[in-house]
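Okay, so here's the structure we're looking at.
Put into structure tokens, the structure is as follows:
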């Protein structure tokens, strides 16, 4: 029996790789890869077996993101973004009827989950909302000017952040699960970007209605600290690691081809390959450590809510996003013009463009400014290696 | 800090010592906390109108505001919050902050 990461590896090397160039060129959703992922029931990989999922670990899911991103960055990133929403439901929706039923529905129908956290009025500041949940009896309505809903057209349900009530301050947020059939989406912008083109991160005006039971019971601030933020940074980092790994793979193949042509001498570009490999190894170590840290913290709720853990997860994202660009840069120098051109087996244009998004998705400057503020009060941690 | 390594049989003596040092009442602690909240908390409402059990996050306290609030509390009460208290629950209400501050005052008095 193959685990989710082995299955994702097959999808990545097969159908995702075959369509990666057209997904990138046409900025289209990787429909073929997601049909294959659904067929192998990988959209419910992280859903516990009692709800019909595979009950995979975060390590397995991260490895699956990596395996997909090696061949198509957009496919890996969409898969990661979906699994982040799944993790929120699995960790925080298991105690109430609506979300339990939804988890079973998700596994049964292999639903794809999108997310609407950014808002035109607040920009990239996802910890403040302008829109609010408007309760009326046991039902609600919600209207959001969402500046980005990645793969919104293809999402079967969308997790939306909003103020708890129309009277709540902007920071008092909740997360609401909105089924596609209960919402109206009007497109306000189209995604035509440098990289990650297949994520179709269009803007929408979203209007939704539903039962109040669809609102996640835990405040978004807690949900973010315990699941959304750490899982996002771990899975995004795994995607960037996959992109970087493929860039190094291409660079290695290029150096090998050079060496074959001139036996007995190591090509001078091999030095750049060694540099790229060293950085790739560093990236991998940081990602694996973060997964282990998260697993440890999950067993100790106090640790999950602690400042030192939040700092570790925030800086993880900053570190891996910077390293991803450095690795691809070194790989490009290794391959030279063969990497620069778009028509060779060593082409690295897509990797370079996809990797550039890493530092910008939740901007590194924003994370570092927040971290600097938190460090004013942070103390030495009490866990292992702290 | 040193008392953490004292043998446990000294515990009764310490408790007696703590009781001899007068600690501020609940009301006066809460008043001081409201003053710090007003100065450093960045709330959306006047802290004077908040009941001890009211949810400060629903009143607009953010993680950024928590940092200012904690620095203000440390300055005001001359205490230091240990790592274990650096989480959202510690600052969720005036009552929660009061309990945390009282615990720190008892420790530093003992």
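Protein chains in written order, with our numbering: chain H, 6 to 391; chain F, 27 to 136.
All residues carry an ideal CB built from backbone N, CA and C; glycine is no exception.
Distance from the CA of residue 75 of chain H to the CA of residue 247 of chain H, rounded to the nearest whole angstrom, comes to 4 Å. Of H:332, H:353, H:83 and H:297, the smallest CA-CA separation from residue 249 of chain H is found for H:332. For residue 268 of chain H and residue 68 of chain H, the gap between their C-alpha atoms comes out near 36 Å.
If you draw a straight line from the Cα of residue 110 of chain H to the Cα of residue 41 of chain H, it is about 19 Å long. Across the set H:230, H:21, H:101 and H:81, the C-alpha of H:230 shows the shortest separation from the C-alpha of residue 316 of chain H.
Non-local beta-carbon contacts of residue 324 of chain H in its own chain, meaning distances under 6 Å to residues more than five positions away in sequence, involve 291 in chain order. Taking CB atoms only, residue 310 of chain H has a neighbour in chain F less than 7 Å away. Membership of residue 142 of chain H in any alpha helix (DSSP H) is not indicated, and neither H nor E is assigned to it by DSSP.
Counting only runs that start and end inside the stretch 83-147 of chain H, the alpha helix (DSSP H) elements of at least 4 residues fall at 102-114. For residue 353 of chain H, the CB contacts under 7 Å within the same chain, skipping 5 residues up- and downstream, are 252, 255, 333, 336, 337, 340 and 344 in chain order. The beta carbon of residue 293 of chain H does not come within 7 Å of any beta carbon belonging to chain F, so the residue lies off that interface.
Rounded to the nearest whole angstrom, the CA to CA distance from residue 62 of chain F to residue 94 of chain F is 9 Å.
For residue 70 of chain F, the C-beta contacts it makes with chain H under 7 Å involve 174, in order along the chain. Taken through DSSP and simplified to helix, strand or coil, residue 153 of chain H comes out as strand. Ranking H:101, H:366, H:151 and H:17 by CA distance to the CA of residue 241 of chain H puts H:366 first. Between residue 21 of chain H and residue 70 of chain H, the beta carbon gap of about 12 Å keeps them out of contact (Cβ cut-off 8 Å).
Nearest CB-CB separation between residue 181 of chain H and chain F: not below the 7 Å threshold.
Contact note: residue 386 of chain H reaches chain F through 109, using a C-beta cutoff of 8 Å and chain order. Between residue 59 of chain H and residue 13 of chain H, the gap from beta carbon to beta carbon reaches 7 Å or more. The contact set of residue 97 of chain F on chain H, defined by CB atoms closer than 8 Å, consists of 381 and 382 in chain order.
Among the residues of the stretch 214-226 of chain H, those with a Cβ less than 7 Å away from any Cβ of chain F are 224 and 226, in the order of the chain.
When DSSP assignments are scanned along the stretch 167-235 of chain H, the uninterrupted stretches of beta strand (DSSP E) that are 3 or more residues long and fall wholly within it turn out to be 178-184, 188-194 and 206-216.
The C-alpha of residue 188 of chain H is placed about 16 Å away from the C-alpha of residue 155 of chain H. At a C-beta separation below 7 Å, residue 347 of chain H has no neighbours in chain F, since its nearest C-beta there lies roughly 44 Å away. Closer than 7 Å to the CB of residue 64 of chain F there is not a single CB belonging to chain H.
DSSP places residue 62 of chain F inside the alpha helix (DSSP H), whose first and last residues are 52-62. Look at residue 381 of chain H here: in three-state DSSP terms it is coil, with no helix or strand label.
For chain H, the residues of the stretch 82-94 of chain F that bring a beta carbon within less than 9 Å of one of its beta carbons are 83, 84, 85, 86, 87, 88, 89, 90, 91, 92, 93 and 94, in chain order.
Going by DSSP, residue 101 of chain F is part of the alpha helix (DSSP H) stretching over 89-103.
Rounded to whole angstroms, residue 193 of chain H and residue 211 of chain H show a C-alpha spacing of 10 Å.
Across the structure, residue 116 of chain F and residue 220 of chain H are spaced so that their CA atoms are roughly 25 Å apart.
Counting only residues of its own chain and dropping the five nearest sequence neighbours on each side, residue 73 of chain F has a CB closer than 7 Å to the CB of 60, 63, 64 and 67. Closer than 9 Å at the C-beta level to chain H, one finds these residues of the stretch 111-134 of chain F: 112, 113, 114 and 115. According to the DSSP assignment, residue 306 of chain H belongs to the alpha helix (DSSP H) that extends over 306-309. Per DSSP, residue 299 of chain H is one residue of the alpha helix (DSSP H) stretching across 275-303.
Neighbours of residue 378 of chain H in chain F, taken as residues at a C-beta separation under 7 Å, are given in chain order as 90 and 93.
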